[in-house]
Amino acid sequence: MQKLLTLIAAAGLAVASVTATAQASIPFFGKSDEVPTLAPMLEEVTPAVVNISVKGKREVRQRLPDALRFFFGPNAPREQVRERPFQGLGSGVIIDAEKGYVVTNNHVIDDATEILVTLKDGREFDAEVIGTDERSDIALIKIKNGENLTDIELGKSSDLRVGDFVVAIGNPFGLGQTVTSGIVSALGRSGLGIEELENFIQTDAAINSGNSGGALVTLDGKLIGINTAILGPNGGNIGIGFAIPSDMMNNLVMQLIEFGEVRRGVLGIRGHDLTHDIAKALDIDASTGAFVAEAIPGGSAAEAGIKSGDVILSVNGSRIASFSELRALVSSMGQGKTISLGIVRDGEELEVDVVLGAQDVEVTASSIHPALEGATLAVSSDPAGIEITAIEEGSPAARIGLEEGDIIRGVNRQIVTSVGDLRSVIEDTAGVVALNVQRGNSSLYLVLRNPG
Numbered sequence: 003m004q005k006l007l008t009l010i011a012a013a014g015l016a017v018a019s020v021t022a023t024a025q026a027s028i029p030f031f032g033k034s035d036e037v038p039t040l041a042p043m044l045e046e047v048t049p050a051v052v053n054i055s056v057k058g059k060r061e062v063r064q065r066l067p068d069a070l071r072f073f074f075g076p077n078a079p080r081e082q083v084r085e086r087p088f089q090g091l092g093s094g095v096i097i098d099a100e101k102g103y104v105v106t107n108n109h110v111i112d113d114a115t116e117i118l119v120t121l122k123d124g125r126e127f128d129a130e131v132i133g134t135d136e137r138s139d140i141a142l143i144k145i146k147n148g149e150n151l152t153d154i155e156l157g158k159s160s161d162l163r164v165g166d167f168v169v170a171i172g173n174p175f176g177l178g179q180t181v182t183s184g185i186v187s188a189l190g191r192s193g194l195g196i197e198e199l200e201n202f203i204q205t206d207a208a209i210n211s212g213n214s215g216g217a218l219v220t221l222d223g224k225l226i227g228i229n230t231a232i233l234g235p236n237g238g239n240i241g242i243g244f245a246i247p248s249d250m251m252n253n254l255v256m257q258l259i260e261f262g263e264v265r266r267g268v269l270g271i272r273g274h275d276l277t278h279d280i281a282k283a284l285d286i287d288a289s290t291g292a293f294v295a296e297a298i299p300g301g302s303a304a305e306a307g308i309k310s311g312d313v314i315l316s317v318n319g320s321r322i323a324s325f326s327e328l329r330a331l332v333s334s335m336g337q338g339k340t341i342s343l344g345i346v347r348d349g350e351e352l353e354v355d356v357v358l359g360a361q362d363v364e365v366t367a368s369s370i371h372p373a374l375e376g377a378t379l380a381v382s383s384d385p386a387g388i389e390i391t392a393i394e395e396g397s398p399a400a401r402i403g404l405e406e407g408d409i410i411r412g413v414n415r416q417i418v419t420s421v422g423d424l425r426s427v428i429e430d431t432a433g434v435v436a437l438n439v440q441r442g443n444s445s446l447y448l449v450l451r452n453p454g
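Just so we're aligned, residue 3 is where the sequence shown starts under our numbering, counting upward by one.
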């Protein structure tokens with residue numbers, strides 16, 4: 003009981019502190035001008051934050067005891083692989099009410115075979131995966147047959163400053179929708195070992211297990227982050243939480259919608275953080291940035307004129323804190339995008355535009371249409387269309403007649419030149435879908451039917 007009272011007292015102290023210090027930041031609403039409240043903003047925003055529950059199976063590897071391996075002989079396997087069912091809970095944010103798109107963390111829906119989305123008003127909908135990016139821990143799912151949905155306005159995380167007030171909304175410990183408040187504690191956090199690509203907003207707004215995939219919003223109700231991880235001894239909140247910035251999330255999601263997968267841009271440099279010693283040696287009046295050790299010959303940076311010894315200070319006008327932050331920002335931007343780098347060379351500040359190079363990326367097609375499951379897709383430029391680069395034997399795609407090397411030129415007489423085109427046309431088509439396929443010098447139509 004004493005512990006509970008201590009927690010309540012601490013919570014009351016935190017609220018009192020925010021009330022006392024944020025009079026100019028928190029809007030005054032309600033019956034009295036003397037009582038600040040976020041309730042009107044939350045009434046608008048919280049319907050866009052959903053609870054996500056998943057079911058699935060994961061492979062579990064178990065090492066066999068030496069005695070058992072001895073019994074079966076020298077060729078006995080060293081480990082046993084089994085599939086075990088699992089259930090999980092998390093959060094998500096509706097970013098497009100019309101299409102039913104929900105953004106969440108990849109680790110929330112990873113390996114899930116069933117995804118159930120629960121809205122604030124209690125309605126439940128099944129959902130399907132549109133695309134995922136494991137390296138940045140972002141996933142995009144789509145609510146099936148959703149109606150009367152509410153989405154959230156996207157804010158610019160690049161405008162955030164340390165000290166800005168923020169609100170975290172999610173489903174901690176499966177309790178249901180929960181709101182907590184705090185401030186931006188730090189920006190551009192990396193090197194934590196949480197994800198491969200890290201560029202986190204750090205906040206002291208309470209984030210706990212189940213908050214993953216939920217919203218971090220400003221006091222005017224704009225989405226500026228996707229809550230992802232915490233730093234805590236036992237999985238509980240100690241005031242150090244991390245969110246993926248909305249700018250980075252939006253770049254990734256747009257690619258997932260268009261291609262079904264992230265097509266990362268490539269800058270083509272090697273380097274490390276700008277240190278005090280390097281800044282002193284180069285007589286640079288800066289303490290943070292990315293030092294270019296090598297501009298890879300033939301790469302995007304080298305073609306744009308970036309040289310070894312340059313120091314990159316900003317991307318598209320926003321200062322960067324480290325090489326890791328530069329890497330995360332560039333990796334979230336699509337191939338072919340033009341970015342502006344602010345650099346220092348020989349004491350002179352320059353602006354250099356760089357067109358990001360391309361990585362060879364293939365896309366699996368199962369989220370586009372069930373009949374395409376088992377096909378791997380890649381954009382073809384000559385001739386224009388979607389090339390089938392691989393087919394799994396006996397898969398639905400093989401059964402409808404697709405073959406490796408086929409190029410889908412159109413759907414129902416509409417030309418498609420990207421995976422996004424293919425997805426959009428199929429989604430907008432009711433009933434029969436006719437794929438115009440080029441096979442060598444021949445042209446043929448393959449017919450499939452949209453579910454429902």
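Quick reminder that beta carbons are idealized off the backbone N, C-alpha and C, glycines included.
Pairwise C-alpha distance: residue j and residue i
i: A12; j: H371; result: With a pLDDT of only 35 at A12, under the threshold of 50, the placement of this residue in the model should not be trusted, and no figure is reported.
i: A50; j: L121; result: 8 Å
i: E130; j: T152; result: 18 Å
i: F88; j: G234; result: 24 Å
i: V449; j: I402; result: 8 Å
i: G148; j: S324; result: 42 Å
i: R321; j: S183; result: 26 Å
i: L352; j: P398; result: 54 Å
i: L404; j: I145; result: 28 Å
i: V104; j: P174; result: 18 Å
i: L437; j: F127; result: 30 Å
i: I10; j: L194; result: Only weak support exists for where I10 lies, its pLDDT of 31 falling under 50; the value from the coordinates is given anyway. Answer to the nearest angstrom: the Cα atoms are 31 Å apart.
i: K101; j: L162; result: 29 Å
i: I185; j: L40; result: 14 Å
i: D362; j: T391; result: Summary for D362: the model assigns pLDDT 48, below 50, so the residue's position carries little reliability; its value from the coordinates is reported in the next sentence. Cα to Cα, D362 sits roughly 12 Å from T391.
i: G215; j: M250; result: 14 Å
i: N318; j: G407; result: 39 Å
i: R455; j: N443; result: Here the chain covers residues 3 to 454 and nothing more, so residue 455 does not appear.
i: N53; j: A207; result: 19 Å
i: V110; j: G90; result: 7 Å
i: S302; j: K57; result: 43 Å
i: L258; j: N108; result: 12 Å
i: E350; j: D312; result: 10 Å
Backbone secondary structure at residue i - three-state DSSP
i: T152; result: coil
i: G172; result: strand
i: S457; result: The question about residue 457 has no answer here: the residues shown for the chain are numbered 3 through 454.
i: P299; result: coil
i: D113; result: coil
i: L352; result: strand
i: E405; result: coil
i: D275; result: strand
i: R137; result: coil
i: D312; result: coil
i: D362; result: For D362, the pLDDT reaches just 48, beneath the cut-off of 50, and the residue's location in the model is therefore unreliable, leaving the point undetermined.
i: Q4; result: Low confidence applies here, because Q4 scores a pLDDT of 36, under 50, leaving its location unreliable and the question unanswered by this model.
i: G291; result: coil
i: V164; result: coil
i: I428; result: helix
i: N414; result: coil
i: D128; result: strand
Where residue i falls, given that 16 or more other Cβ within 10 Å makes a residue buried
i: V181; result: buried
i: R84; result: exposed
i: S289; result: exposed
i: L478; result: As displayed, the chain neither begins before 3 nor continues past 454, which places residue 478 out of reach and without an answer.
i: E46; result: exposed
i: T340; result: exposed
i: I388; result: buried
i: D135; result: buried
i: V434; result: exposed
i: A141; result: buried
i: R86; result: exposed
Of the listed residues the options, nearest to residue i (C-alpha basis)
i: T431; options: V439, L446, R415; result: R415
i: S445; options: G307, S160, P385; result: P385
i: S310; options: P299, V317, S320; result: P299
i: L254; options: L269, S211, G241, I228; result: I228
i: R425; options: M43, G58, I132; result: I132
i: R266; options: V332, S382, K59; result: V332
i: P42; options: V381, S342, S160, L221; result: L221
i: I154; options: A114, G212, V95, F167; result: V95
i: I417; options: G396, A400, V439; result: V439
i: K224; options: F202, S211, V413, S248; result: S248
Cβ separation of residue i and residue j, assumed to be a contact under 8 Å, to the nearest whole Å
i: G165; j: I209; result: Their Cβ separation, rounded to whole angstroms, is 18 Å, which puts G165 and I209 out of contact at 8 Å.
i: A295; j: G262; result: Not confirmed; about 35 Å, so no contact.
i: S316; j: G338; result: Going by Cβ atoms, the distance from S316 to G338 rounds to 21 Å, so no, they are not a contact pair.
i: V421; j: E260; result: 7 Å
i: I246; j: S138; result: 7 Å
i: G359; j: V264; result: Not really, about 15 Å apart at Cβ, beyond 8 Å.
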